[in-house]
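Engineer: Residue numbers (this note's numbering), protein chains in the order written: chain A, 478 to 1022; chain B, 478 to 1022.
The C-beta atom is built at its ideal place from N, Cα and C for all residues, glycine as well.
Model, not experiment: these values are computed from the prediction.
Quick one: structure below, then a few questions.
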């Protein structure tokens, strides 16, 4: 028996496009004389469809997609994830299901039991959990189907759940398992995924075909990395990351397990490629091709520009340098050098004139109060306005260049440097932004050395440095990581050896700046706890502040 | 037996403040010789605490609050909602619980079964559902405690759930029920609430003490409206909306049911008062007192200004008129008249100079392309910048004045007229904004008649009218309501008699503008489907667009 894994890049709500991709894969699989072609979880509608699942019209279109796939299932079986309607009057309206289509019919359907409802996941918002498990026979083989999270509670070790679907399915003696997944990228998730698959193999000792999405959906990046596991515990094939793949496997060979192919898991390599894909898909799926961004000469905009040029092509990226009286010459020089290294267009638009125009209008209304964040923000917002004007005139999307450390402590101006349609590196702490820059320069200088080595500055007042108001980034990032990723409280973080006053100040800054993060662009998620839909905090609150 | 209902305004994470309020209410109840004082759901930490619930330190502080309440429970019993730790290794870490404290101990605890996970609610993200139900005796009476949603599946009629906790509790023969709730305001929710309480009475025929939150938490407004129900089906007392109340009831009198007190439910009255509270609490709970907003002479900014003046006092609201070459004289006159009617400070800051400064910088980069949204947005964003500069200089919060119809179709400029810390009327359709204006004028003209009767215009180009690019608001709002509130698809809306091309255009506009709504301020929620945390849509999608 031959089984084809189709690791595809779906587009939410684009039923026609998704169906075309699947039909193309079915054709490919047929050419390989495959018996079964496997797609991912919710492949008809893309993942996550979010509240579109509440629209009956949306579900009808997904059902129509299943009907179309049935029509081509006469010579080959098709495994595909899609929502299905819960026929019971009680409970949620839908199941999150794996369909097995063959001979123009639904030969089997297995609904998902374990519905992730944490971080970016909202599955219990839409889906009813399943409590029935059935394997089925196809061409002499007994098959178990599972949906994503259903294989993540092996031996009941996952504290979130008290059910292990495969413990039920294995009793029926399946020859192999097909898992349809939508398991998003984080920089350490691929390892977790292989670990959990190995635990499944240890326990069930049958081949596993694990089919994931590849591609980015606003904040959420799917890296692919679908996996074929042999029952001897070897990774028969971990599919490449960040690309579509349609590969046919001979079940007997998988059964024997005489090969092991695993992908490189270097953190900077992964983050780099994930963001490039995230950028590429954000533009492509919205129907845009061109980006604009402000280049300050600093490291954040430099790293963002490199990622954009790699994702969209240098001819599709334009930069604007917007010096003020507070900008140093090296900022301009470094930004120009970067743009020239990348081969992207740049223009220089000094902000002195609009700044003076605003200041002239506002001076009397400022009532003689001293220079403060108001004047600083006029500069940042004049820049935002210039970038947005060019974006509106020429139809390109403004990229936001904020990093995660700044975003955490609110070191940025709403509608100014926080403007943009997409936050490219706002899930990368500043210390990792430096690492990413070094990684980008590994085969030759792309980012000017001076951009990497000079002290970070927003240059919004004379001789300003980030270190005037923030601790060193290595300390800041450690505290932020413990608070944001690990949900530690002040006492626990202080106990780790950090200065009490500093910890309290940083945690307070994080909490009082929720209002800023609420209004900033979606962040490409690469960590286990990114700002955005996976981190839901009150704005009006008084905790640690 | 005497029972005190304490309808209080909590503040998320402000354990000390919430505890102080509760201790004060305990004192009051003791003065009334009350036997039991009842607080609301998650009263210790406020509702919704969102992902703060994932922080062990946050839970410890809530537990400390329960300890403090125990200390004052020697002469009076205290019913209070709080998270409690799930001792089982499996399932979510917490329960959403009602504590019954007496004699320095926890006399009883009842966890919530039905965990709302839809719209603004994310309870299954945090809480494990309960499947055990126990009544208990106190001073000769048997008491059933329930938490909010647990009384919303009477006779299993709610399609979301298959369990009815009170059907279990009633078997143990309780004399009355106490329900601790966090049931947010929408303009028709108070009626639903009385209906569901009457259904409970029909079925169980015991007095019910239903204790709700009052007050606003960012987007979510709690109206109070706690209810004491008599077993004869009469509403013994529906407590006032939008105010804190501590009222003691004689159980025997409630049992007899010889009175009925119900609050006025006029829609405009409710929306008006809800938004006033929402504004008041947003400022108060963030520690701000002063607001700023742009006054255009149009109806949206006028209605917003009235609401702000009523919530914060006219002395705390300042307006800025920012005319351009496209502004008509009546816009300035109407805005001035409104400001004078309200007694709020206003300044006039023409935007011609910064506009010219930007245009001078950008003209060559615009490459001779015709006047379009780029130039329009320079105006809107110059206004946003001026307002934010004054906000930053003087420490006031900018109010966003967008209405729900505009917000739906993306008729607004990001970082321009969509700027602001709070969207005051963005859950009110334009047709209701007119109704609200009329309601505000019912006792004399506050909003100039001309502001209400003139054709709406953004005045971003010569002789522009909203009707140039949008259908009449009565038609637009009907289509939007069917799509947004009722989740109808294009076919169903067209079938209602609307023009097909128009419906498709409007639904497309809604969907392609998710990116704008993602970056706008939190919206005070007054309807059943507001933009914000209760409506979660993909940005990168291709559905109906």
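1) At a CB distance below 9 angstroms, what residues from the region 516 to 548 of chain A approach chain B? Give them in sequence order.
2) Strictly under 8 angstroms for the Cβ-Cβ distance: is residue 967 (chain B) near chain A by that measure?
3) Specify, as a first and last residue, the run of the beta strand (DSSP E) that residue 479 (chain A) falls within.
4) By Cβ distance below 8 angstroms, which residues in the same chain neighbour residue 738 (chain B) in space, the five residues on each side in sequence not counted?
5) Distance, Cα to Cα, residue 506 (chain A) vs residue 519 (chain A)?
6) Using the Cβ count rule (16 or more neighbours within 10 Å means buried), how would you classify residue 707 (chain B)?
7) Measure the CB-CB distance between residue 779 (chain B) and residue 914 (chain B) and report whether it falls below 8 angstroms.
8) Can you tell me where the alpha helix (DSSP H) holding residue 784 (chain B) begins and where it ends?
9) Residue 876 (chain B) lies in the alpha helix (DSSP H); which residues open and close that run?
10) Are residue 937 (chain B) and residue 856 (chain B) close, meaning C-beta to C-beta below 8 angstroms?
11) Can you tell me whether residue 815 (chain B) is helix, strand or coil according to DSSP?
12) Starting from residue 588 (chain A), follow the alpha helix (DSSP H) in both directions and report where the run begins and ends.
13) Give me the chain B residues within the contact set of residue 763 (chain A), using Cβ-Cβ distance strictly less than 7 angstroms, ordered along the chain.
14) Beta-carbon within less than 7 angstroms of residue 986 (chain A)'s beta-carbon, same chain only, minus the 5 sequence neighbours each way: which residues are those?
15) Let's see if you can read the secondary structure: which residues bound the alpha helix (DSSP H) around residue 673 (chain A)?
16) Hey, how far is the Cα of residue 841 (chain A) from the Cα of residue 786 (chain B)?
17) Is the CB of residue 865 (chain B) under 8 angstroms away from at least one CB in chain A?
18) So residue 723 (chain B) is in the beta strand (DSSP E); what residue range does that whole segment cover?
19) Only counting the same chain, and skipping five residues up and downstream in sequence, which positions put a Cβ closer than 6 angstroms to that of residue 991 (chain B)?
20) Using beta carbons (cut-off 8 angstroms, strictly below), is residue 501 (chain B) in contact with chain A?
21) Suppose contacts are defined by Cβ-Cβ distances below 8 angstroms. Is residue 912 (chain B) in contact with residue 745 (chain B) by that definition?
22) Closer than 8 angstroms is the cut-off here; do at least three beta carbon pairs connect the region 852 to 871 of chain B with the region 863 to 876 of chain A?
23) By how many angstroms is the C-alpha of residue 630 (chain B) removed from the C-alpha of residue 649 (chain B)?
24) If you follow the alpha helix (DSSP H) that residue 910 (chain A) is part of, which residue opens it and which one closes it?
25) Which bits of chain A does residue 694 (chain B) rub up against, with CB to CB less than 9 angstroms?
26) Please report the distance separating the alpha-carbon of residue 893 (chain A) from that of residue 891 (chain B).
27) Below 8 angstroms between beta carbons is the criterion; list the residues of the region 630 to 641 of chain A that meet it against any residue of chain B, in chain order.
28) Since residue 625 (chain A) contacts residue 590 (chain A) with CB under 8 angstroms, what's their CB separation in whole angstroms?
29) Out of A:923, A:916, A:908 and A:920, state which residue places its alpha-carbon closest to the alpha-carbon of residue 932 (chain A).
30) Starting from the C-beta of residue 742 (chain B), find all residues in its chain whose C-beta is less than 7 angstroms away, skip the five residues before and the five after it, and write them out in chain order.
31) From the beta carbon of residue 759 (chain B), is the nearest beta carbon of chain A less than 8 angstroms away?
32) Pick out whichever of B:636, B:536, B:579 and B:523 has its Cα sitting closest to the Cα of residue 549 (chain B).
33) Hey, is the region 870 to 881 of chain A in contact with the region 921 to 928 of chain A, meaning 3+ C-beta pairs nearer than 8 angstroms?
34) Could you tell me the boundaries of the alpha helix (DSSP H) in which residue 553 (chain A) lies?
35) Name the residues in the region 988 to 1010 of chain B whose C-beta lies less than 7 angstroms from a C-beta of chain A; which are they?
36) Which of the three DSSP states is assigned to residue 560 (chain A) in this structure?
Structural biologist: If we stick to the structure as given:
1) Hits within the stretch, in order: 522, 523, 525, 526, 527, 528, 529, 531, 532, 533, 534, 535, 537 and 538.
2) With 8 angstroms as the cut-off, residue 967 (chain B) counts as an interface residue toward chain A.
3) For residue 479 (chain A), the enclosing beta strand (DSSP E) has its first and last residue at 479 to 484.
4) Around residue 738 (chain B): 712, 713, 714 and 715.
5) Going by the C-alpha atoms only, they are around 20 angstroms apart.
6) Residue 707 (chain B) counts as buried, since at least 16 other C-beta atoms from the protein chains shown sit within 10 angstroms of its C-beta.
7) Closer than 8 angstroms, so yes.
8) From DSSP, the alpha helix (DSSP H) with residue 784 (chain B) extends over 776 to 789.
9) Note, residue 876 (chain B): premise wrong, no alpha helix (DSSP H); beta strand (DSSP E) at 874 to 877.
10) A contact, by the Cβ cut-off of 8 angstroms.
11) Here DSSP, grouped into helix, strand and coil, assigns residue 815 (chain B) to helix.
12) Not the alpha helix (DSSP H): residue 588 (chain A) falls in the beta strand (DSSP E), residues 582 to 588.
13) Close to residue 763 (chain A), with beta-carbon spacing below 7 angstroms, are these residues of chain B in chain order: 1017.
14) For residue 986 (chain A), same chain residues with a beta-carbon under 7 angstroms away, outside a window of 5 residues either side, are 886 and 887 in chain order.
15) Note, residue 673 (chain A): alpha helix (DSSP H), 666 to 681.
16) Taking the straight line from one Cα to the other gives about 24 angstroms.
17) Under the 8 angstroms criterion on CB atoms, residue 865 (chain B) is classed as interfacial with respect to chain A.
18) First-last of the beta strand (DSSP E) with residue 723 (chain B): 722 to 727.
19) Once the five neighbours on either side are set aside, the close Cβ partners of residue 991 (chain B) are 1014 and 1016.
20) Output row for residue 501 (chain B): interface = no.
21) Result yes, Cβ atoms of residue 912 (chain B) and residue 745 (chain B) sit closer than 8 angstroms.
22) Segments in contact, yes.
23) Taking the Cα positions, residue 649 (chain B) is about 19 angstroms away from residue 630 (chain B).
24) First-last of the alpha helix (DSSP H) with residue 910 (chain A): 907 to 917.
25) For residue 694 (chain B), the neighbours in chain A by C-beta distance under 9 angstroms run, in chain order, 1015, 1016, 1017 and 1018.
26) The alpha-carbon atoms of residue 893 (chain A) and residue 891 (chain B) are separated by roughly 11 angstroms.
27) Closer than 8 angstroms at the C-beta level to chain B, one finds these residues of the region 630 to 641 of chain A: 633, 636, 637, 638 and 639.
28) Not really, about 10 angstroms apart at Cβ, beyond 8 angstroms.
29) Closest in alpha carbon position to residue 932 (chain A), among A:923, A:916, A:908 and A:920, is A:908.
30) 667 and 668, listed in sequence order.
31) Yes - at least one Cβ of chain A is within 8 angstroms of the one on residue 759 (chain B).
32) Of the candidates B:636, B:536, B:579 and B:523, the one whose C-alpha sits nearest the C-alpha of residue 549 (chain B) is B:579.
33) Flag = no, the region 870 to 881 of chain A and the region 921 to 928 of chain A do not touch.
34) Looking at the DSSP string, residue 553 (chain A) is not in any alpha helix (DSSP H), and its letter there is neither H nor E.
35) Within the region 988 to 1010 of chain B, contact with chain A at the beta-carbon level (separation under 7 angstroms) is assigned to 992, 995, 996, 997, 998 and 999.
36) The answer is strand: DSSP assigns residue 560 (chain A) an E or B state.
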